[in-house]
Amino acid sequence: MLAVIFSLLLLAYDEWYFTGRYIQFLRNITVQGTFFSLTRSYVLLTLLFCAQVLFSWAVFVVRPWWKLPFGFLFVYSAFAQAGYWNAFNRFITVQDVLTAYYSPAGLWRDAIGMFFSWYAFIPTLLFLFFIWLTWNGHEGGRVIALTTAVLLTLFATLSWAGVRHTPASANIRFLNTMAETGWGGFSAPQQFERPTLTYQAPNPPPNNIILVIDESIRGDHLSINGYERPTTPTLDQLAQYGALYNWGIAAASATCSLQTNHVILNGVPHLPDTDYHVYQNATIFQYAKAMGYRTYHFDAQADYLWNGITFSDLVYVDERMTPQTLGSDVDTDLQAAELIHDIIHTSTGNFIIINKKGVHFPYFRAYPAEATLWEPIVDNLAYNDYTLLSNTYDNGLRYTVDGFFSRLIPNPAELAATIIYTADHGQTLSQNGEHWAHCRGSLNEAIVPLFILSPQPLAVDTSYPASHFNIFPTLLDLMGVPPAIRPTPLPLSLLEATAADTAPRFYLPADRDFFTGEPVPFDP
């Protein structure tokens with residue numbers, strides 16, 4: 009009985025804090041549903057409520073030491089779900105779990121500060137009160153094991169039946185997401201195998217190629233794209249010199265780093281990735297090795313693998329540089345630029361990818377105080393003032409984007425590599441009242457830059473509306489990869505696309521599944 013009472017109180021809290029999800033759901037199915045869909049929805053609602061009752065009952069009846077791990081799980085889910093709702097107005101998804109897992113500790117710290125919701129104390133204190141009432145439970149681990157088995161079976165059974173769209177308690181939704189992450193997010197790569205490229209180029213490559221994937225750079229805040237502030241004077245100079253070919257505002261493939269890096273590095277041709285190209289295509293590093301390049305991966309963000317590159321992929325990476333080598337302060341990107349400059353000016357046949365540190369929120373940490381050009385700034389975790397956020401963000405752009413290129417290319421006449429530059433995603437900057445930076449679904453989160461710097465003239469049409477999907481085939485063209493070993497399907501290369509090839513562009517909001525989620529239009 010206590011488990012039922014607690015679950016009903018939890019339902020009331022959920023309905024209040026999470027803005028009427030149950031009432032809205034019932035209204036929708038009543039108006040739009042058939043008899044079958046109504047019956048199915050009510051059955052799902054009942055089963056998910058029973059799942060919460062079962063979880064609560066198990067925690068209440070077991071001995072005190074068994075209450076601790078499951079109690080911690082409930083409290084963690086309460087704060088995590090309330091925090092994500094506070095920041096994004098949605099619950100945690102599998103993609104969020106994977107992104108958090110692969111994110112550096114510093115981002116966890118900042119995310120806690122941004123997402124924290126005091127309202128999570130309501131279910132937490134309520135839960136602790138019921139734990140106190142049932143502290144002297146006498147059941148053992150068998151109850152926990154049985155409950156876990158029943159819940160996992162329920163989640164697996166209902167996953168195909170629309171459980172993602174049926175309201176459930178924040179606690180049950182969290183447990184379901186963790187289960188889906190375990191059997192899908194982490195295990196899926198093990199079910200597929202990348203092809204082995206047996207082709208070997210007969211001659212050593214005559215050029216250097218660099219792919220720069222910047223972090224959180226919104227394309228319309230670069231002066232190279234017409235922004236009123238001089239955030240990228242070095243790039244402006246390179247454009248005047250004639251070495252920069254600019255596609256202007258490009259469409260990100262998604263609004264969170266993990267998904268976009270998957271697309272760029274693995275040649276995913278479209279989203280959703282219904283055919284699992286992300287796990288079955290050869291990586292860009294494999295193609296570089298097949299063409300005889302010495303391969304480098306510079307990661308200015310983390311010492312561990314986070315961006316879709318796996319340990320098995322590292323066999324195709326000759327050298328990997330991380331913050332352990334580059335440092336982990338505001339000058340990490342600048343240090344990387346100087347090292348890359350030395351590599352390309354002392355040798356050829358190098359293929360280099362750098363994931364820059366960029367201008368991730370909080371923006372004031374992207375540059376030293378003495379580099380401030382625009383004030384006032386935001387020097388805390390507040391995210392609600394477009395003017396202040398833009399000032400801070402633009403300072404970061406000037407320091408880390410322009411600073412990177414001023415060190416990589418101190419003299420335009422000595423450009424020693426073909427460089428493709430883009431960013432993983434954009435930023436909202438709270439321009440339309442958003443209280444999140446990215447990883448949701450607004451258009452500004454998908455606005456990224458895209459240009460090529462080339463020491464030789466390129467016959468390209470920069471009026472073509474470009475996106476992340478064009479980068480992989482462009483790299484293959486720059487390497488001279490034979491058509492016979494390229495993946496299919498393959499989007500257009502920027503070296504061949506023209507305005508006549510214009511097609512609608514789409515991006516995937518971060519709360520939608522990489523393999524099944526519906527993308528949204530980028531173009532008006």
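Residue numbers (our numbering): 9 to 532. Each residue gets a CB set at the ideal place from its N, CA and C atoms; glycine is no exception.
Asked	Found
Spatially closest choice to A260 from S501, W24 and I479, by CA coordinates	I479
Limits of the unbroken beta strand (DSSP E) element including H146	Careful: H146 lies outside any beta strand (DSSP E) and carries neither H nor E.
Whole-number beta carbon distance between F530 and A454, since they are thought to touch under 8 Å	6 Å
Proximity below 8 Å, CB of N269 to CB of T291	no
Rounded distance between the beta-carbons of L334 and T340, thought under 8 Å	5 Å
CB of N254 within 8 Å of CB of F459, strictly	yes
Three-state secondary structure assigned by DSSP to H305	strand
Residue of P512, A421, Q103 and L243 minimising C-alpha distance to T189	Q103
A374 and T408 closer than 8 Å at C-beta	yes
Secondary structure of Y207, DSSP reduced to three states	coil
Residue range of the unbroken alpha helix (DSSP H) whose run includes V12	L10 to Y25
Per DSSP, the bridge partner or partners of S475	A259
Coarse secondary structure for R328, derived from DSSP in three states	strand
Burial state of V323, where buried means 16 or more other Cβ atoms lie within 10 Å	exposed
Whole alpha helix (DSSP H) elements within the stretch 210–290, 4-residue minimum	241–249, 265–274 and 285–288
Inside the stretch 421–445 only - beta strand (DSSP E) runs reaching at least 3 residues	426–431
Check whether L502 and A474 have beta carbons under 8 Å apart	yes
Beta carbon of H349 nearer than 8 Å to that of R415	yes
Which residues DSSP lists as bridging I362, in chain order	V220 and F306
Complete beta strand (DSSP E) runs within the stretch 449–525 (minimum length 3 residues, chain order)	455–461
Backbone secondary structure at P527 - three-state DSSP	coil
Endpoints, alpha helix (DSSP H) assigned at Y407	From DSSP, Y407 is part of no alpha helix (DSSP H); its letter is neither H nor E.
Euclidean distance between Cα positions of N233 and I257	7 Å
Classification of N440 by the beta-carbon crowding that lies within 10 angstroms, buried from 16 upward	exposed
V456 beta carbon less than 8 Å from that of T482	no
Three-way DSSP call (helix, strand, coil) for V70 in this model	strand
Nearest residue (CA-CA) to Q208, options P517, Q332, Q248 and I493	I493
C-beta atoms of K364 and V220 nearer than 8 Å	yes
Close beta carbons around V105, own chain, < 8 Å, minus the five adjacent residues each side	T185, M186, T189 and G193
A518 versus P280: straight-line alpha-carbon distance, rounded	12 Å
Cα-Cα separation, K75 to V338	44 Å
Assigned exposure category for M9 - 16 Cβ within 10 Å defines buried	exposed
G148 versus R71: straight-line alpha-carbon distance, rounded	6 Å
Three-way DSSP call (helix, strand, coil) for F372 in this model	helix
T524 versus T282: straight-line alpha-carbon distance, rounded	6 Å
Selected residue, minimal CA-CA separation from E327, among A345, G91 and R302	R302
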